[in-house]
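Trainee:
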Amino acid sequence: MHLLKSFVISSFFLLNISPYVLGSALDAGPNYRRQARATSQTSEPEPASSASVPEKTTSPPRTTNSDTPSSQSTGRSGASSSPTTRTKATFVDPRLPPGGVAIQTPITTSGSQYYKIGQTITFGWNYTSLIVSPSAVNVEAFCSGNSQTYTIAQNLSIAKPSVIWDTGSFQPQNGQPPLAMGIYTLLIYDEKSAMTAIPVAGSLAPFNGLKFGMYTPKPPTPLADFECPTCDTSSATALDAVMLRMLVLFSTLFSLSFGLFFTFLP
């Protein structure tokens, strides 16, 4: 009797809790299967490769400065360079005359100029028709007597168009002979050019328009030692004798005529 009662109670209890147990098992089934599948995929070893694949890295973005010129703009490739400075070209009408030099000192209208070797000579000038001014000029003197060109000044600024040439303390260069007597020509030209350069419109043309003479004076001669190179003592003596004869002749004629006048006077 007791055994039957226990069996009935147990059956009733099992019937009451069986829906909850079965529902929980049914709900947990899909989750358990998904978890099991994920675990199997994670634990499955990857196939080994014969060569290792390098990891792909992404370089940081490169920043460019628009103010800095590229290598193409500077005309060079490779390393970057500093910005270059471009000079603006000056347009010169080819119909214009070339620049020139107008001498102010010495005054060329006063005639030929002669200077004693050893004294100081001053040359002054102005520039004319200059559009493209040179940075400096060279001043030289060419001697026609010995065909030598003597340097007076080099790299002379055009802001000071004058030069003083001390011929007394002048020292020739490159084994040149000393200053010689003769006719000299003043030369003025662009220090970046030459005297043989072709004149260009608006630019300084080589100048060779002033000629002057230079001489070496002789030392003074004492009066006792002076000799006249054009004097002839024999001719002077003969001239004195002729003058004396003429004086005697005219005196005699004057005396006779004066005496005859008073003799035959009534």
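Numbered by mature numbering (1 follows the signal peptide of the UniProt record, and there is no 0), the letters in the sequence shown go through residues -23 to -1, 1 to 243 in order. All residues carry an ideal CB built from backbone N, CA and C; glycine is no exception.
Return yes when the Cβ of T193 is within less than 9 Å of the Cβ of I84, no when it is not.
Mentor: Locating residue 84 in the sequence shown gives position 107, counting from the first residue. Locating residue 193 in the sequence shown gives position 216, counting from the first residue. It is not a contact, given that the beta carbons lie outside the stated cut-off.
Trainee: Would the beta-carbon of L187 fall within 9 Å of that of F100?
Mentor: Within the sequence shown, numbered from 1, the residue matching residue 187 stands at position 210. Within the sequence shown, numbered from 1, the residue matching residue 100 stands at position 123. Against a cut-off of 9 Å, the Cβ pair of F100 and L187 comes out as a contact.
Trainee: Helix or strand or just coil, what does DSSP make of V114?
Mentor: Along the sequence shown, read from residue 1 onward, the residue named residue 114 stands at position 137. If DSSP states are grouped into helix, strand and coil, V114 belongs with the strands.
Trainee: Along the chain, where does the beta strand (DSSP E) that runs through F184 open and close?
Mentor: Here residue 184 refers to the residue found at position 207 of the sequence shown. Unbroken beta strand (DSSP E) run through F184: F184 to Y192.
Trainee: Give me the DSSP bridge partner(s) of N103.
Mentor: Sequence index remark: in the sequence shown, residue 103 carries index 126 (1-based). According to DSSP, N103 bridges with A79.
Trainee: Once DSSP output is grouped into helix, strand and coil, what is the label at residue 278?
Mentor: Lying before the first or after the last residue shown, residue 278 is absent from the chain, which here runs from -23 to 243.
Trainee: Put D217 into one of helix, strand or coil per three-state DSSP.
Mentor: Position 240 of the sequence shown holds residue 217. It is helical.
Trainee: Assuming G159 is part of the beta strand (DSSP E), what are its boundary residues?
Mentor: In the sequence shown, counting from the first residue as 1, residue 159 sits at position 182. First-last of the beta strand (DSSP E) with G159: G159 to D167.
Trainee: What is the DSSP secondary structure of V225, counted as helix, strand or coil?
Mentor: One-based indexing of the sequence shown puts residue 225 at position 248. In the structure shown, V225 sits in a helix (DSSP, three-state: H, G or I).
Trainee: Less than 6 Å between C-beta atoms, sequence neighbours within five positions excluded: which residues of the same chain meet that for G145?
Mentor: In the sequence shown, counting from the first residue as 1, residue 145 sits at position 168. Correct list, in chain order: G95.
Trainee: Does the beta-carbon of S180 have 16 or more other beta-carbons within 10 angstroms, so that it is buried, or is it exposed?
Mentor: Taking the sequence shown and counting its residues from 1, one reaches residue 180 at position 203. Buried, because 16 or more other Cβ atoms sit within 10 Å of the Cβ of S180.
Trainee: In chain order, what residues of the same chain lie with their CB nearer than 6 Å to the CB of residue 246, ignoring the 5 residues before and after it?
Mentor: With the chain covering only -23 through 243, there is no way to say anything about residue 246.
Trainee: Provide the residue span of the beta strand (DSSP E) that contains K93, from first to last.
Mentor: Locating residue 93 in the sequence shown gives position 116, where the first residue counts as 1. Here the beta strand (DSSP E) through K93 covers Y91 to K93.
Trainee: Using the Cα positions of F147 and M191, report the straight-line distance between them to the nearest angstrom.
Mentor: Taking the first residue of the sequence shown as position 1, residue 147 is located at position 170. Taking the first residue of the sequence shown as position 1, residue 191 is located at position 214. Straight-line Cα distance between these residues: approximately 14 Å.
Trainee: Mapping the DSSP letters down to three states, classify V147 as helix, strand or coil.
Mentor: Walking along the sequence shown from the start, residue 147 turns up at place 170. Here residue 147 turns out to be Phe, not Val, going by the sequence shown. Looking at F147 - three-state DSSP - the assignment turns out to be coil, as it is neither helix nor strand.
Trainee: Kindly indicate which three-state DSSP category F119 falls into: helix, strand or coil?
Mentor: Residue 119 sits at position 142 when you count from the first residue of the sequence shown. Looking at F119 - three-state DSSP - the assignment turns out to be strand.
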